[in-house]
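Chains A and B, in that order, are what the protein sequence lines are.
Read in our numbering, the first sequence has 146 at position 146, and its numbers run on one by one without any break.
Read in our numbering, the second sequence has 108 at position 108, and its numbers run on one by one without any break.
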Amino acid sequence: MRSITPVKNVLKDTFSFGDFPLIERIGFVAFLIFVLVFPWIVHGSFLRSIMIRFLLFSLYGLGWNLIGGYGGQVALGQAKNVGMAAYATAIMITWWNIPFWATLPAGIMVSVIESLILGYFLFRLKGYYFAIATLVVALVWKDLFIFWDWIGGARGIELPLKETPTFLYMMFDSSIYYHYFIFFFFIGAVLYMNWFRKSKLGYQLQAIKNNEDAAASLGISIRWTKVKAYCITAAMAAVGGCFYAVYNYYVDPRSVMQLDLSILIAMMAMVGGAGSMWGPIIGAMLLIPLDRFLGVWLGGKGFVGADFMIYSAIIMVIAAFEPKGIWGIIERIRRR
Amino acid sequence: MLLTQVIITGILVGFVFAFVALGLTMIFGVMKLINLAHGEFLMIGMYIAFWTSTLLSVDPLITLPLTAVGGFLLGGLSYYFLIRHILRGPTLAQLFGTFGLMLFLRYGAMFIWGVDVRVIKKGILIGKSFSVYGFTVSVSRLVTAAFSLFFFAIIYWMINKTKLGKALRATSMDPIAARYMGINTENMNALAWGMGGAIAGVAGGLLSNFYYINPTVGMLFSVIAFATVVLGGLGSIRGALLAGLIVGLVEALVGQYISIELKFTFLYLLYFFVVVFRPQGLLGWGES
Numbered sequence: 001m002r003s004i005t006p007v008k009n010v011l012k013d014t015f016s017f018g019d020f021p022l023i024e025r026i027g028f029v030a031f032l033i034f035v036l037v038f039p040w041i042v043h044g045s046f047l048r049s050i051m052i053r054f055l056l057f058s059l060y061g062l063g064w065n066l067i068g069g070y071g072g073q074v075a076l077g078q079a080k081n082v083g084m085a086a087y088a089t090a091i092m093i094t095w096w097n098i099p100f101w102a103t104l105p106a107g108i109m110v111s112v113i114e115s116l117i118l119g120y121f122l123f124r125l126k127g128y129y130f131a132i133a134t135l136v137v138a139l140v141w142k143d144l145f146i147f148w149d150w151i152g153g154a155r156g157i158e159l160p161l162k163e164t165p166t167f168l169y170m171m172f173d174s175s176i177y178y179h180y181f182i183f184f185f186f187i188g189a190v191l192y193m194n195w196f197r198k199s200k201l202g203y204q205l206q207a208i209k210n211n212e213d214a215a216a217s218l219g220i221s222i223r224w225t226k227v228k229a230y231c232i233t234a235a236m237a238a239v240g241g242c243f244y245a246v247y248n249y250y251v252d253p254r255s256v257m258q259l260d261l262s263i264l265i266a267m268m269a270m271v272g273g274a275g276s277m278w279g280p281i282i283g284a285m286l287l288i289p290l291d292r293f294l295g296v297w298l299g300g301k302g303f304v305g306a307d308f309m310i311y312s313a314i315i316m317v318i319a320a321f322e323p324k325g326i327w328g329i330i331e332r333i334r335r336r
Numbered sequence: 001m002l003l004t005q006v007i008i009t010g011i012l013v014g015f016v017f018a019f020v021a022l023g024l025t026m027i028f029g030v031m032k033l034i035n036l037a038h039g040e041f042l043m044i045g046m047y048i049a050f051w052t053s054t055l056l057s058v059d060p061l062i063t064l065p066l067t068a069v070g071g072f073l074l075g076g077l078s079y080y081f082l083i084r085h086i087l088r089g090p091t092l093a094q095l096f097g098t099f100g101l102m103l104f105l106r107y108g109a110m111f112i113w114g115v116d117v118r119v120i121k122k123g124i125l126i127g128k129s130f131s132v133y134g135f136t137v138s139v140s141r142l143v144t145a146a147f148s149l150f151f152f153a154i155i156y157w158m159i160n161k162t163k164l165g166k167a168l169r170a171t172s173m174d175p176i177a178a179r180y181m182g183i184n185t186e187n188m189n190a191l192a193w194g195m196g197g198a199i200a201g202v203a204g205g206l207l208s209n210f211y212y213i214n215p216t217v218g219m220l221f222s223v224i225a226f227a228t229v230v231l232g233g234l235g236s237i238r239g240a241l242l243a244g245l246i247v248g249l250v251e252a253l254v255g256q257y258i259s260i261e262l263k264f265t266f267l268y269l270l271y272f273f274v275v276v277f278r279p280q281g282l283l284g285w286g287e288s
């Protein structure tokens with residue numbers, strides 16, 4: 001008979017960060033306090049929007065880290081999950097006036113079911129074949145959404161503005177609410193990942209990453225484990241997508257299903273350090289502000305494209321000299 | 001009547017896709033690495049043809065050797081400054097290394113030449129077409145197809161019949177054993193990159209005769225080339241030619257009979273089904 005883990009142990013695994021070195025725990029708490037008080041210190045809407053974007057992309061990155069970092073499967077099509085969930089929320093709110101909190105599970109369900117079906121086929125593949133197949137799947141979905149007139153086609157969907165701020169629809173007149181709203185999801189994702197890395201599925205996934213044949217010989221179902229992880233990643237991207245729909249008031253295939261988004265998600269986790277707890281957060285912390293500031297600063301001077309050149313140079317250097325990302329560099333320094 | 005015309009167009013386009021895929025499959029064949037920046041090499045080739053045509057009034061056809069040299073240098077330099085280092089890392093790092101290169105070239109082109117869409121207006125082949133039995137054939141596409149076939153023949157001969165090709169194949173099969181046999185695998189890898197780049201450059205030079213030029217044009221050709229290469233079997237040269245023709249036909253037929261907007265979507269779907277149910281591609285694994 002299958003033993004069920006007591007709730008007490010699950011809670012302990014979720015909330016205990018005891019196996020991290022003291023300095024990391026202190027750093028993380030300091031970071032949380034900083035984010036918590038951030039909207040009270042900073043009032044500029046540009047800086048606040050960067051912070052929200054950073055939290056959103058950390059959420060995506062934490063999710064991607066599950067399949068890409070712990071699982072070692074280069075899944076490049078996360079934008080499709082973001083997009084589907086964003087569309088689910090946008091459609092349900094706009095057409096049927098359903099509250100946000102009811103559209104959230106619906107958005108997650110759509111992405112997870114799609115990932116379950118496709119994942120079953122996709123995980124027949126490995127390595128480059130898998131990576132390019134996921135990329136192609138995301139492209140097909142984007143084309144279909146552009147083509148699909150019923151859901152607005154290329155024009156997208158504009159969400160109706162509510163007259164008064166409402167928690168039911170999560171629509172507010174100040175970005176401070178959105179800040180805590182996404183922060184709430186972010187904390188959820190961090191706690192989930194903290195549980196995940198100590199869970200059975202987490203260990204199975206890491207075993208598969210290290211040696212598939214050895215993992216299979218231990219009785220781990222390779223394909224099923226990968227599909228499960230793929231679905232969890234999809235669910236986390238979907239949460240971000242639902243948030244994006246009510247935050248941006250507008251979704252269209254170009255903003256939520258773009259190839260660039262798929263790649264950016266994976267890239268941030270990779271630059272920060274895939275397969276480590278803090279890697280994706282560090283990656284987003286570095287790249288999102290860099291992206292925004294360089295874009296504004298250089299774009300304003302007429303240097304179109306210079307921001308991405310600097311951006312890509314960093315990626316190339318990281319890929320060439322420290323594949324474990326920034327977290328790899330930090331650990332290397334610490335070991336000295 | 002219309003069907004035949006569509007098939008002719010499809011086959012001619014197919015040769016172009018096969019041409020682009022040839023460079024990609026070469027690099028993969030030798031070092032088991034996918035170059036995500038392949039379309040950007042092509043884009044640089046197009047710009048070389050555009051600027052020599054606009055500033056020096058040289059016909060794009062005459063600048064082909066120049067685009068080849070440009071592509072070769074680009075490929076070789078990329079190898080020495082980047083690829084050499086990322087080869088040590090895991091697959092993920094390799095993917096992102098070439099992805100970084102792709103972004104760098106794309107936005108570098110945007111930085112230097114701006115985002116404008118450019119078209120070459122003057123040239124021996126540009127805008128010319130002739131008709132046989134009532135079917136229209138574009139001269140520039142026909143010439144591109146001929147070049148494509150020519151390059152396939154040359155590369156096929158080189159890989160299978162020459163000593164250099166043998167060294168390349170040895171590097172592909174087992175780099176360590178190849179090194180013991182006195183083959184400088186480092187140079188072989190660089191050569192594969194140079195040749196892949198040169199092929200992309202020439203393809204770009206030919207494409208500039210009938211395709212618009214802008215910094216983001218590479219992406220579309222990259223994705224089509226990935227689909228083509230995997231369809232044919234990664235690393236297979238004959239497979240790339242066959243798959244290129246299939247891709248061209250599918251694109252033309254869907255564009256004509258179903259919807260012009262979905263022509264690439266069907267291509268991706270075709271790719272997806274082939275790769276899931278026959279992951280080794282149409283022409284098997286491991287042959288060169």
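For each residue, glycine too, the CB sits at the ideal point set by N, CA and C.
Delimiting residues of the alpha helix (DSSP H) encompassing Phe19 of chain B: Sequence index remark: in the second sequence, residue 19 of chain B carries index 19 (1-based). Unbroken alpha helix (DSSP H) run through Phe19 of chain B: 2–31.
Test: Met1 of chain A CB closer than 7 Å to a CB of chain B: Mapped onto the first sequence, residue 1 of chain A falls at position 1. In this predicted model, Met1 of chain A has a pLDDT of only 48, less than 50, meaning its place in the structure is not dependable enough to derive any value.
Three-way DSSP call (helix, strand, coil) for Arg88 of chain B in this model: Indexing the second sequence from 1 puts residue 88 of chain B at position 88. Three-state result, Arg88 of chain B: coil.
Closest Cα partner of Glu251 of chain B within the set B:Leu262, B:Leu241, B:Asp59: The count along the second sequence starts at 1 and reaches residue 251 of chain B at position 251. Checking every option, the nearest Cα to that of Glu251 of chain B belongs to B:Leu262.
Alpha-carbon to alpha-carbon, Ile11 of chain B and Ala18 of chain B: Position 18 of the second sequence holds residue 18 of chain B. Position 11 of the second sequence holds residue 11 of chain B. For Ala18 of chain B and Ile11 of chain B, the distance between alpha carbons rounds to 10 Å.
Ile124 of chain B vs Leu66 of chain B beta-carbon contact at 7 Å: For the purposes of this step, residue 124 of chain B is taken as residue 124 along the second sequence, with counting starting at 1. For the purposes of this step, residue 66 of chain B is taken as residue 66 along the second sequence, with counting starting at 1. Not in contact: Ile124 of chain B and Leu66 of chain B (Cβ atoms no closer than 7 Å).
Chain-ordered chain A contacts of Leu80 of chain B [CB-CB under 8 Å]: Position 80 of the second sequence, counted from the first residue, corresponds to residue 80 of chain B. The displayed chain sequence assigns Tyr, not Leu, to residue 80 of chain B. The premise fails here: Tyr80 of chain B is roughly 12 Å from chain A at the closest Cβ pair, so nothing lies under 8 Å.
Within chain B, the residues that Phe121 of chain A reaches when beta carbons sit closer than 7 Å: To locate residue 121 of chain A, count along the first sequence from 1; it is residue 121. Neighbours of Phe121 of chain A on chain B, chain order: Val276.
8 Å contact criterion, which Met46 of chain B and Ser208 of chain B should meet: CB distance rounded: Counted from its first residue, the second sequence places residue 46 of chain B at position 46. Counted from its first residue, the second sequence places residue 208 of chain B at position 208. Between Met46 of chain B and Ser208 of chain B the beta-carbon gap is near 4 Å, inside 8 Å, which marks them as a contact.
Start and end residues, alpha helix (DSSP H) containing Phe15 of chain A: Taking the first residue of the first sequence as position 1, residue 15 of chain A is located at position 15. Phe15 of chain A -> alpha helix (DSSP H) spans 7–15.
is_contact[Tyr47 of chain B, chain A] using C-beta, thresh 7 Å: Counting from 1 along the second sequence, the entry for residue 47 of chain B is found at position 47. Closer than 7 Å: no.
Sequence-distant residues of the same chain with beta carbon closer than 7 Å to Ile176 of chain A, five excluded per side: The residue given as residue 176 of chain A occupies position 176 in the first sequence. Taken in chain order, the residues that qualify are Pro39.
Distance CB(Leu22 of chain B)-CB(His38 of chain B) smaller than 7 Å: Counted from its first residue, the second sequence places residue 22 of chain B at position 22. Counted from its first residue, the second sequence places residue 38 of chain B at position 38. Taking the C-beta atoms as reference points, His38 of chain B is found no nearer than 7 Å to Leu22 of chain B.
Any C-beta of chain B under 7 Å from that of Ser199 of chain A: Here residue 199 of chain A corresponds to residue number 199 of the first sequence, with the count starting at 1. No, its Cβ sits nowhere closer than 7 Å to a Cβ of chain B.
Presumed contact (8 Å Cβ cut-off) between Val230 of chain B and Ile314 of chain A, rounded CB distance: Taking the first residue of the second sequence as 1, we reach residue 230 of chain B at position 230. Taking the first residue of the first sequence as 1, we reach residue 314 of chain A at position 314. About 29 Å; that fails the 8 Å criterion.
Neighbour-count burial assignment, Trp157 of chain B, 16 or more Cβ in a 10 Å radius: As a first step, residue 157 of chain B must be located in the second sequence, where it is residue number 157. Exposed.
Phe20 of chain A in three-state terms, based on DSSP: Taking the first residue of the first sequence as position 1, residue 20 of chain A is located at position 20. Residue state, collapsed to three classes: coil.
Residues that DSSP places opposite Glu331 of chain A in a beta bridge: As a first step, residue 331 of chain A must be located in the first sequence, where it is residue number 331. Paired residues: none, contrary to the question.
Partner residues on chain A for Val250 of chain B, Cβ-Cβ distance less than 9 Å: Here residue 250 of chain B corresponds to residue number 250 of the second sequence, with the count starting at 1. Within 9 Å Cβ-Cβ: nothing; Val250 of chain B doesn't reach chain A, min ~14 Å.
7 Å Cβ cutoff, Phe57 of chain A in contact with chain B: Numbered from its first residue, the first sequence carries residue 57 of chain A at position 57. Answer no: the Cβ-Cβ gap between Phe57 of chain A and chain B never drops below 7 Å.
Assigned exposure category for Lys8 of chain A - 16 Cβ within 10 Å defines buried: In the first sequence, counting from the first residue as 1, residue 8 of chain A sits at position 8. Result: exposed.
Residue from B:Tyr212, B:Phe152, B:Gly100 with nearest C-alpha to Ile86 of chain B: Counting from one through the second sequence, the residue named residue 86 of chain B turns up at place 86. That would be B:Gly100, whose Cα lies nearest to the Cα of Ile86 of chain B.
Beta-carbon proximity list for Met309 of chain A, same chain, < 7 Å, skipping 5 on both sides: Translated into positions along the first sequence, residue 309 of chain A becomes position 309. Here the set comprises nothing.
Among B:Ser131, B:Val119, B:Ile260, nearest to Asn214 of chain B - alpha-carbon criterion: As a first step, residue 214 of chain B must be located in the second sequence, where it is residue number 214. Closest by alpha carbon: B:Val119.
In DSSP terms, what Phe130 of chain B is bridged to: For this step, residue 130 of chain B is matched to residue 130 along the second sequence. Paired residues: B:Val137.
Contact with chain A by Glu261 of chain B, beta-carbon distance below 7 Å: Translated into the one-based positions of the second sequence, residue 261 of chain B becomes position 261. At least one chain A Cβ lies under 7 Å of Glu261 of chain B.
Cβ pair Tyr129 of chain A, Ile34 of chain B closer than 7 Å: Reading the first sequence from its first residue, position 129 is the one you call residue 129 of chain A. Reading the second sequence from its first residue, position 34 is the one you call residue 34 of chain B. No, they are not a contact pair.
At least 3 beta-carbon pairs within less than 8 Å: the segment 243–254 of chain A vs the segment 154–168 of chain A: yes
Selection of the segment 120–154 of chain A by Cβ proximity to chain B, strictly under 8 Å: Phe121, Leu122, Arg124, Leu125, Gly127, Tyr128, Tyr129, Ala131, Ile132, Ala133, Leu135, Val136, Val137, Leu139, Val140, Asp143, Leu144, Ile146, Phe147
Residues of its chain near Ile318 of chain A, where Cβ-Cβ distance is below 8 Å and the 5 sequence neighbours each way are ignored: Counting from one through the first sequence, the residue named residue 318 of chain A turns up at place 318. Met270, Val271, Gly325, Ile326, listed in sequence order.
Tyr60 of chain A versus Ala237 of chain A - alpha carbon distance: Indexing the first sequence from 1 puts residue 60 of chain A at position 60. Indexing the first sequence from 1 puts residue 237 of chain A at position 237. In a straight line, the C-alpha of Tyr60 of chain A is about 5 Å away from that of Ala237 of chain A.
Those runs of the beta strand (DSSP E) which lie wholly inside the segment 179–245 of chain B and span at least 3 residues: Fully enclosed beta strand (DSSP E) runs of no fewer than 3 residues are not present anywhere in the segment 179–245 of chain B.
C-beta atoms of Asn65 of chain A and Ala215 of chain A nearer than 7 Å: One-based indexing of the first sequence puts residue 65 of chain A at position 65. One-based indexing of the first sequence puts residue 215 of chain A at position 215. Not a contact, by the Cβ cut-off of 7 Å.
Val58 of chain B beta carbon less than 7 Å from that of Gln256 of chain B: The sequence position of residue 256 of chain B within the second sequence is 256, counting from 1. The sequence position of residue 58 of chain B within the second sequence is 58, counting from 1. In this structure, Val58 of chain B does not lie closer than 7 Å to Gln256 of chain B by Cβ.
Ala306 of chain A versus Val115 of chain B: straight-line alpha-carbon distance, rounded: The residue you call residue 306 of chain A lines up with position 306 of the first sequence. The residue you call residue 115 of chain B lines up with position 115 of the second sequence. Ala306 of chain A and Val115 of chain B: Cα-Cα distance of roughly 13 Å.
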